[in-house]
């Protein structure tokens with residue numbers, strides 16, 4: 013699981029149009045997480061934290 017923060021390219025850039033808990037297309041490159049939003053636009057974010065996903069106990 014990744015915790016990331018968007019880095020706007022310009023002052024007037026709009027944030028990524030994403031739905032909470034919705035599907036996301038992404039790619040990881042070093043410390044950057046590239047996200048394709050619901051409008052098909054690419055947004056670059058900085059990875060702040062990486063954690064392992066915990067499986068629920070049975």
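In the numbering used here, the protein residues as written are 13 to 70. Just so it is clear, CB atoms sit at the ideal spot from N, CA and C, and this is done for glycine as well. Since we're looking at a predicted model, the values are computed, not measured.
To which residues does DSSP link residue i through a beta bridge?
i: residue 40; result: 45
i: residue 59; result: 16
Tell me the DSSP secondary structure of residue i in three-state form.
i: residue 70; result: coil
i: residue 50; result: coil
Could you name the residues of the same chain whose beta carbon sits closer than 6 Å to that of residue i, not counting the 5 residues immediately before and after it, in chain order?
i: residue 50; result: 29
Could you tell me the alpha carbon to alpha carbon distance between residue i and residue j, rounded to whole angstroms?
i: residue 44; j: residue 67; result: 26 Å
i: residue 59; j: residue 70; result: 31 Å
i: residue 55; j: residue 27; result: 8 Å
Tell me which residues share the same chain as residue i and place their Cβ nearer than 7 Å to its Cβ, disregarding the 5 neighbours each side in the sequence.
i: residue 62; result: 14
i: residue 16; result: 45, 57, 58, 59 and 60
Output needed for residue i: all residues of its chain with C-beta closer than 8 Å, excluding positions within five of it in sequence on either side, in chain order.
i: residue 31; result: 50
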